[in-house]
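Just so you know, the sequences run in chain order A and B. Numbering follows the numbering used here, with no gaps: position 61 of the first sequence is 61. Going from the second sequence to the numbering used here is simple: count from 1 and add 111. Cβ coordinates follow ideal geometry from the N, Cα and C atoms, glycine included.
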Amino acid sequence: GQNIDQPTEMTATEGAIVQINCTYQTSGFNGLFWYQQHAGEAPTFLSYNVLDGLEEKGRFSSFLSRSKGYSYLLLKELQMKDSASYLCAVLFSGNTGKLIFGQGTTLQVKP
Amino acid sequence: DGGITQSPKYLFRKEGQNVTLSCEQNLNHDAMYWYRQDPGQGLRLIYYSQIVNDFQKGDIAEGYSVSREKKESFPLTVTSAQKNPTAFYLCATMGVRGREGNEQFFGPGTRLTVL
Numbered sequence: 001g002q003n004i005d006q007p008t009e010m011t012a013t014e015g016a017i018v019q020i021n022c023t024y025q026t027s028g029f030n031g032l033f034w035y036q037q038h039a040g041e042a043p044t045f046l047s048y049n050v051l052d053g054l055e056e057k058g059r060f061s062s063f064l065s066r067s068k069g070y071s072y073l074l075l076k077e078l079q080m081k082d083s084a085s086y087l088c089a090v091l092f093s094g095n096t097g098k099l100i101f102g103q104g105t106t107l108q109v110k111p
Numbered sequence: 112d113g114g115i116t117q118s119p120k121y122l123f124r125k126e127g128q129n130v131t132l133s134c135e136q137n138l139n140h141d142a143m144y145w146y147r148q149d150p151g152q153g154l155r156l157i158y159y160s161q162i163v164n165d166f167q168k169g170d171i172a173e174g175y176s177v178s179r180e181k182k183e184s185f186p187l188t189v190t191s192a193q194k195n196p197t198a199f200y201l202c203a204t205m206g207v208r209g210r211e212g213n214e215q216f217f218g219p220g221t222r223l224t225v226l
């Protein structure tokens, strides 16, 4: 199979930093995506990693280690509107191949 | 305006009827995907297509069918064989954006309720 694992739920405080981890099976790996999804809405793209290292985009950063089959999404200066589900997805086998999602991590930001 | 359209946003059908969900894109992306999402759960892959006139089963293809006659269109038919069709259905596309790598987008989704 192509299991992708992430924590089910996380809670953090407004203004803090939170790290959401994602692990996956490395065979056939061709890229990793992070998305944000608010309840009842479609996911929106946050980041894409295909090489090892950290990609920074404003308050959000994403890290990838291909050899370890591991990624994390880092959210800084948390705001209440960051309360959402965060989905990790892995692209297998080719540039436009099979895109598989993890179960998602529901993040609750508290005042 | 470039993007993905799915229609309708809400769809109601009687049990035992087939229903077709539309997905159209003008992003010139080669790959298109259909996912199903149940309440409180992640996205599960139903079918995907990397090129016109070709498509592959995802993890939960039973009870569904697709076609890819045009690059822009990837309709999904939910057949009467699908035992629990009520769900939120999402269409997505992916394309290669040169050295920047892949770009990927979702449509707004169709919420199907079978009565």
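The count of Cβ pairs closer than 8 Å, one atom from the segment 174–182 of chain B and one from the segment 157–166 of chain B, reaches three, so the stretches are in contact. Judged by their CB atoms, tyrosine 175 (chain B) and tyrosine 159 (chain B) are not nearer to each other than the 8 Å cut-off.
The three-state reading of DSSP puts lysine 125 (chain B) in coil, since its state is none of H, G, I, E or B. Per the Cβ contact rule, the segment 4–22 of chain A is in contact with the segment 66–85 of chain A (3 or more Cβ pairs under 8 Å). Proximity of alanine 84 (chain A) to chain B, defined by a Cβ-Cβ separation below 8 Å, is not satisfied.
Contact check for cysteine 202 (chain B) against glutamine 128 (chain B) fails: the beta carbons are separated by 8 Å or more. Within the model, the alpha-carbon separation for serine 27 (chain A) versus tyrosine 70 (chain A) is close to 13 Å. According to DSSP, residue pairing for aspartate 165 (chain B) in a beta bridge involves B:Ile162. Excluding residues up to 5 positions away in sequence, Val225 lie with their Cβ nearer than 6 Å to the Cβ of glutamate 126 (chain B) in the same chain. Taking a contact as a CB-CB distance under 8 Å, the pair threonine 23 (chain A) and glutamine 36 (chain A) does not count as one, their CB atoms being some 20 Å apart. A residue is called buried when at least 16 other Cβ atoms come within 10 angstroms of its Cβ; aspartate 82 (chain A) meets this threshold and is buried.
Arginine 124 (chain B) and proline 196 (chain B) have their alpha carbons spaced roughly 10 Å apart. Taking 8 Å as the threshold, the shortest C-beta distance from leucine 154 (chain B) to chain A falls below it.
Residues of the same chain with a CB within less than 6 Å of the CB of glutamate 135 (chain B), apart from the 5 flanking positions on each side, are Thr116, Glu183, Ser184 in chain order. No Cβ of chain A is located within less than 8 Å of the beta carbon of proline 186 (chain B). Put simply, the backbone Cα of asparagine 3 (chain A) is about 16 Å away from that of tyrosine 72 (chain A).
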